[in-house]
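Q:
There are 2 protein chains.
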Amino acid sequence: MTAGDDEESGVAAGLIRLSFLVQAVFARTSERHGLTPVQAKLLCVLAGGPRGMAELAGILGVEKAALTGLVDRVERRGLAERSAVPGDRRALRVTLTAAGRQAATAFHHSVSAELDGLAAALPAAERARFGASLSRLAAARGAPALFPAAGP
Amino acid sequence: MTAGDDEESGVAAGLIRLSFLVQAVFARTSERHGLTPVQAKLLCVLAGGPRGMAELAGILGVEKAALTGLVDRVERRGLAERSAVPGDRRALRVTLTAAGRQAATAFHHSVSAELDGLAAALPAAERARFGASLSRLAAARGAPALFPAAGP
DNA sequence: TATTGTTATACTCTATAACTATA
DNA sequence: TATAGTTATAGAGTATAACAATA
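Taken in order, these protein sequences are the chains called A and B.
Read in order, the letters of the first sequence are residues 1 to 152 in my numbering.
Read in order, the letters of the second sequence are residues 153 to 304 in my numbering.
1) Distance check for His108/A and Gly151/A, CA to CA, integer angstroms please.
2) Among Ala271/B, Ala192/B and Pro300/B, whose alpha-carbon lies nearest the alpha-carbon of Arg180/B?
3) Give me the residue from Ile168/B, Ala284/B, Gly283/B and Ala250/B with the minimum Cα distance to Gly230/B.
4) Taking three-plus beta-carbon pairs below 8 Å as touching, is the segment 129–137 of chain A in contact with the segment 279–293 of chain B?
5) With DSSP as the reference, label Ser9/A as helix, strand or coil.
6) Give the residues of chain A in contact with Ser262/B, contact being defined as C-beta atoms less than 9 Å apart.
7) Taking beta-carbon pairs under 8 Å, can you tell me which members of the segment 20–34 of chain A lie near chain B?
8) Roughly how many whole angstroms lie between the Cα atoms of Ala292/B and Ser19/A?
9) By DSSP's criteria, Ser287/B is part of a beta bridge. Which residues make up the other side?
10) Arg51/A versus chain B: which residues are under 9 Å apart at the beta carbon?
11) If I follow the unbroken alpha helix (DSSP H) through Val246/B, where does it start and stop?
12) Give me the residue from Ala104/A, Ala54/A, Leu60/A and Gly117/A with the minimum Cα distance to Leu189/A.
13) Would you say Gly100/A and Leu46/A are within 8 Å of each other, going by their C-beta atoms?
14) When burial is assigned at 16 or more other CB atoms within 10 Å of the CB, is Ala295/B buried or exposed?
15) Distance, Cα to Cα, Pro202/B vs Ala113/A?
16) Note the first and the last residue of the continuous beta strand (DSSP E) segment covering Glu233/B.
17) Leaving aside the five residues before and after Leu248/B along the sequence, list all residues of the same chain whose C-beta is less than 6 Å from its C-beta, in chain order.
18) With H, G and I counted as helix, E and B as strand and the rest as coil, what does DSSP make of Arg203/B?
19) Return the chain-ordered list of same chain residues with a C-beta closer than 8 Å to the C-beta of Val22/A, the five sequence neighbours on each side being excluded.
20) Between His33/A and Ala24/A, what straight-line distance do the alpha-carbon atoms span, to the nearest angstrom?
21) Determine, using beta carbons only, whether Val235/B comes closer than 8 Å to chain A.
22) Compare the beta carbon distance of Leu137/A and Leu274/B with 8 Å and say whether it is the shorter of the two.
23) In this structure, how does DSSP classify His109/A when only helix, strand and coil are distinguished?
24) In or out: Ala258/B buried (at least 16 other Cβ within 10 Å) or exposed?
25) When DSSP labels each residue in this structure, what does Gly186/B get in the three-state scheme?
26) Within its chain, find whatever has a CB closer than 8 Å to the CB of Ala57/A; leave out the 5 residues flanking it on each side and keep chain order.
Below, the structure is given as structure tokens:
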């Protein structure tokens, strides 16, 4: 950051610029798949297996009341379903339908391809180091993967 | 990506994880400053100088009709103002008020500090390389800086 | 005709508070 | 009492379409 710079050049500024870029790619890809960004995120989380409402709210970082509406809308579109949890009559479990699984997988492939295309602007060696730093930073804050592997 | 991985580990997955992390920091910081994330972004853009409505819509990536409401709300809160453009009676120019300038600066300092704290999880040498890669990627797509320096 | 900006309308997303049912 | 989830309400953000005024 030498005197005379007329644009920010620190790591913080880079994080913000890249983050908005990635979010724009995510939003555009969601839209191409007929989903809102939050719906896409929800489907990807559910691809890792069924979840309770409160659990989902925690993962997505929204209040449980907001989650009610989110699940209503994906359910109305046939992408997910609420079902009872044996042993606790208060609780519900949200599961992807076959269409929801397909939508989640298709979206995930698309967004990954778009972002790999973005990263292709870096030479291979630099890209590898960059990816390692990304993982290290995300792990340091416990950021969850978007598309967790389904349980065994 | 060896067989047996049960979590994504490519660059695309890292970009998504980090991006959501940064957006969460951005949102939390906005809220602490009494702003929505879009309002914070708008104020930071305006810190670079006055802008027309259509120009702002382009920078923020929203339709001009949506921008009307965004500017209404920051104007109602005394953070920005619409004024006439001499020579074109259709056009308006949006300018930060003194309070808006102060809010933009304070927010920018806070969010930069938060993100520098995030990046502090990397050793200095790796952080420098990482920052360089961030800038290169953002520049490759023409991503604008959040907080552009005011014109000379 | 094209451009600048607003209005009208509808929908998604979100939070807070109050509620029901079950544990 | 505490937990799981919903309903009610309000507001922000967004898009599309139709409009007014000016260029």
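For each residue, glycine too, the CB sits at the ideal point set by N, CA and C.
A: Looking at the atomic coordinates:
1) As a first step, residue 151/A is located in the first sequence; it is residue number 151 there, counting from the start. As a first step, residue 108/A is located in the first sequence; it is residue number 108 there, counting from the start. Confidence at Gly151/A is low in this model, with a pLDDT of 46, below 50, so the placement of that residue should be treated as unreliable; the coordinate-derived value is given next. Using only the alpha carbons, I get a separation of about 18 Å.
2) Here residue 180/B refers to the residue found at position 28 when the second sequence is read from its first residue. That would be Ala192/B, whose Cα lies nearest to the Cα of Arg180/B.
3) By one-based count along the second sequence, residue 230/B stands at place 78. Considering only alpha carbons, the answer is Ala250/B.
4) yes
5) By one-based count along the first sequence, residue 9/A stands at place 9. Coil, per DSSP.
6) Reading the second sequence from its first residue, position 110 is the one you call residue 262/B. The contacting residues do not exist; Ser262/B stays about 11 Å from chain A at best.
7) Phe20, Leu21, Val22, Gln23, Ala24 and Phe26
8) Along the second sequence, one-based indexing puts residue 292/B at 140. Along the first sequence, one-based indexing puts residue 19/A at 19. Rounded to the nearest angstrom, the two C-alpha atoms are 14 Å apart.
9) Numbered from its first residue, the second sequence carries residue 287/B at position 135. Note: Ser287/B sits in no beta bridge, so no partner.
10) Here the question's residue 51/A lines up with position 51 in the first sequence. None at all; the shortest Cβ gap to chain B is about 17 Å.
11) Taking the first residue of the second sequence as 1, we reach residue 246/B at position 94. Val246/B -> not in any alpha helix (DSSP H); beta strand (DSSP E) instead, spanning Asp240 to Leu248.
12) Since the displayed chain A opens at 1 and closes at 152, residue 189/A lies outside it and no answer follows.
13) Your numbering for residue 100/A matches position 100 in the first sequence. Your numbering for residue 46/A matches position 46 in the first sequence. It is a contact, given that the beta carbons lie within the stated cut-off.
14) Start at 1 with the first residue of the second sequence, and residue 295/B comes out as number 143. Its Cβ being crowded by 16 or more others within 10 Å, Ala295/B is buried.
15) Position 50 of the second sequence, counting from 1, holds the residue named residue 202/B. Position 113 of the first sequence, counting from 1, holds the residue named residue 113/A. Taking the straight line from one Cα to the other gives about 37 Å.
16) In the second sequence, counting from the first residue as 1, residue 233/B sits at position 81. Unbroken beta strand (DSSP E) run through Glu233/B: Ala232 to Val237.
17) Position 96 of the second sequence, counting from 1, holds the residue named residue 248/B. Cβ neighbours of Leu248/B beyond the five flanking positions: Leu198 and Ala232.
18) Walking along the second sequence from the start, residue 203/B turns up at place 51. Arg203/B: strand per DSSP, three-state reduction.
19) What you label residue 22/A is simply residue 22 of the first sequence in a count that begins at 1. Around Val22/A: Leu115 and Leu118.
20) Taking the first residue of the first sequence as 1, we reach residue 33/A at position 33. Taking the first residue of the first sequence as 1, we reach residue 24/A at position 24. Their Cα atoms are separated by approximately 14 Å.
21) By one-based count along the second sequence, residue 235/B stands at place 83. The sequence as given places Ser at residue 235/B; Val does not occur at that position. False, the Cβ-Cβ gap to chain A never drops below 8 Å.
22) Here the question's residue 137/A lines up with position 137 in the first sequence. Here the question's residue 274/B lines up with position 122 in the second sequence. Result yes, Cβ atoms of Leu137/A and Leu274/B sit closer than 8 Å.
23) To locate residue 109/A, count along the first sequence from 1; it is residue 109. Reduced to three states, the DSSP call for His109/A is helix.
24) Taking the first residue of the second sequence as position 1, residue 258/B is located at position 106. Flag for Ala258/B reads exposed.
25) By one-based count along the second sequence, residue 186/B stands at place 34. Coil, per DSSP.
26) Sequence index remark: in the first sequence, residue 57/A carries index 57 (1-based). Only Glu63, Lys64, Ala66 and Leu67 meet the Cβ criterion.
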